[in-house]
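Okay, structure first, notes after.
Residue numbers (full-length UniProt numbering), protein chains in the order written: chain A, 1 to 246; chain B, 1 to 226.
Take a look at the structure:
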């Protein structure tokens, strides 16, 4: 009997709610994960060439970092709304906004990673006859990987949180459920969706940490030489640079 | 793009700037929320962070609070607070949420700034016979200043942005123009509101960069570290 009651009395914690509306919760979670994953993937795909440009031509570094930082300080509600005329009420609007936010941290981290590649490694590869593309792909990118992945982790965690604001255009995954819960004063829905959202961020972070360990086994063997920058970024992500967008 | 020309028209219509729901009133609300919360957050976070930095303890705390903050959706906290009994007190949930989100960047940056001061400089100051208080005031604080100000800037931008989100939970501020536009399905108003909010965030950021530069205790002197 008491299980039914929590829906009637509008309790914060309600097992019956989770059971009876699990389908809705799963749909929202799937949408949330989808939007986050697509945004981070596009973010990496856009940041990589930007970081390479900024490294190749020094005079481009300041404008690229400057513009992405300016984008970062625009409030999310405004960002999504400003994109409205271009995309309409669609998931691509939310994804575009999230991609724009992800650029700041990703470009900075990829650039830091590339710049931290030891000159000797580069010279040695050149001496062995590596062309610029092969040098990039087989030497520089792998060595920049710890820093890149540290950036991806920070970005993913904040993107999971930011996706909720997509609720304004009804594409916010769990955020949409949170906002609906406000309209109906349905406490269990708000709390459950919020908790799921935080759990999702933590799960994503752990998953990426495991991936990072898997992809960069050498960082544990010879930490000192190869990943000085990456570890710094890892220990205090984004410190002294930027806040999280809201 | 008629939404953009429509937004321009909305912005140039003086009726939209007047009254309870007008731009001026919303802007005043926004600045009031943000200002109060920034001051409160600084009053809470800075003394703690500077003290911890001075004695060199609690680093894990300062950095981890900031990392955890990243994972917590602002919107969720705002709405959760609105649904608690606090929600009956109008602005209170918004004010609490704003402070909650401004504290981590302040804490982390001020702490890291204090710790990144070159230890040999601090040792030298002690060797010259400076007391702990003098080292704090004359050496550590001026050298940590840039990072502390970065934290203040992050916190301020954060607060301005969060105050926008407060509109989704029904409170005032410039975000109301956007959410009201959504409810009326008035895209020009949404875009106009978003433009104003983005502009405000950038102006606040720029103003604080200028303030930080103007008050830099090391301005005109060469820094000890890059």
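Don't be surprised by glycine CBs; every beta carbon is placed ideally from N, CA and C.
**Asked** Do you know offhand how far residue 180/B's Cα is from residue 27/B's?
**Response** 15 Å
Would you say residue 79/B reaches chain C, if we count a Cβ-Cβ gap shorter than 9 Å as a contact?
-> Considering every chain present, this structure includes no chain C. Its protein chains are A and B.
### Query
Between residue 7/A and the rest of its own chain, which residues show a CB-CB distance below 7 Å, the 5 nearest in sequence each way excluded?
14, 16, 17
Count the C-beta pairs between the stretch 74-81 of chain A and the stretch 185-204 of chain B that are closer than 8 Å, then say yes if the count reaches three, no if not.
Enough Cβ pairs lie closer than 8 Å, so yes.
What's the C-alpha gap between residue 24/B and residue 17/B?
-> 6 Å
Next on the checklist: Comparing C-alpha positions only, which one of 182/B, 177/B, 155/B sits nearest to residue 42/B?
Outcome noted: 155/B
Tell me which residue opens and which closes the alpha helix (DSSP H) that residue 273/A is part of. Only positions 1 to 246 of chain A appear in the structure, and residue 273/A is not among them; the question remains open.
Chain B beta carbons: is any one of them nearer than 9 Å to that of residue 167/A? yes
Is residue 134/B helix, strand or coil by DSSP? Note: residue 134/B maps to helix in three-state DSSP.
Assign residue 12/B to one of two classes, buried (16 or more other C-beta atoms within 10 Å of its C-beta) or exposed (fewer than that). exposed
Contact residues within the stretch 182-202 of chain A, judged by C-beta distance below 8 Å to chain B:
182, 185, 187, 190, 191, 193, 194, 197, 198, 201, 202
**Report entry** Contact belief for residue 55/A with residue 114/A at Cβ below 8 Å, rounded distance in angstroms
**Finding:** 5 Å
Check your understanding: Helix, strand or coil for residue 94/A per DSSP?
Key -> Note: residue 94/A maps to helix in three-state DSSP.
Exercise. Along the alpha helix (DSSP H) that carries residue 45/A, what are the first and last residues, could you check?
Key: 22-56
Neighbour flag for residue 103/B against chain A, beta carbons, 9 Å:
no
Contacts that residue 164/A makes with chain B (C-beta to C-beta distance below 7 Å): 73, 75, 76
inquiry  = Can you confirm whether the stretch 171-188 of chain A touches the stretch 27-35 of chain A when touching is taken to mean that 3 or more C-beta pairs between the two stretches lie within less than 8 Å?
reply    = yes
Do the stretch 31-51 of chain B and the stretch 125-140 of chain A meet, that is, are 3 or more Cβ pairs less than 8 Å apart?
At 8 Å Cβ cutoff, the stretches do not touch.
TODO: Take every Cβ of the stretch 114-122 of chain B, pair it with every Cβ of the stretch 69-76 of chain B, and state whether three or more of those distances are shorter than 8 Å.
DONE: No: the two stretches stay apart, fewer than three of their Cβ pairs being nearer than 8 Å.
*Does the separation of the CB atoms of residue 105/A and residue 163/A fall below 9 Å?*
Going by C-beta atoms, residue 105/A is not nearer than 9 Å to residue 163/A.
| If you run the structure through DSSP and keep just helix, strand and coil, what is residue 41/B? | helix
**OP:** Could you tell me which chain B residues have their CB closer than 7 Å to the CB of residue 178/A, listed as they occur along the chain?
**Re:** 75, 76, 79
Does the structure place the stretch 98-114 of chain B close enough to the stretch 82-90 of chain B that three or more beta carbon pairs sit under 8 Å? No, they do not touch.
Worksheet item: Three-state secondary structure (DSSP) at residue 206/B?
Response: helix
task = Confirm, please, whether the CB-CB distance from residue 113/B to residue 59/B is below 9 Å.
result = no
Use the C-beta contact count for residue 165/A: other C-beta atoms within 10 angstroms, 16 or more gives buried, fewer gives exposed.
Answer is buried; the Cβ neighbour count reaches 16.
Mind listing which residues of the stretch 155-167 of chain B have their C-beta closer than 8 Å to chain A's C-betas, in chain order? 155, 157, 158, 160, 161, 162, 164, 165, 167
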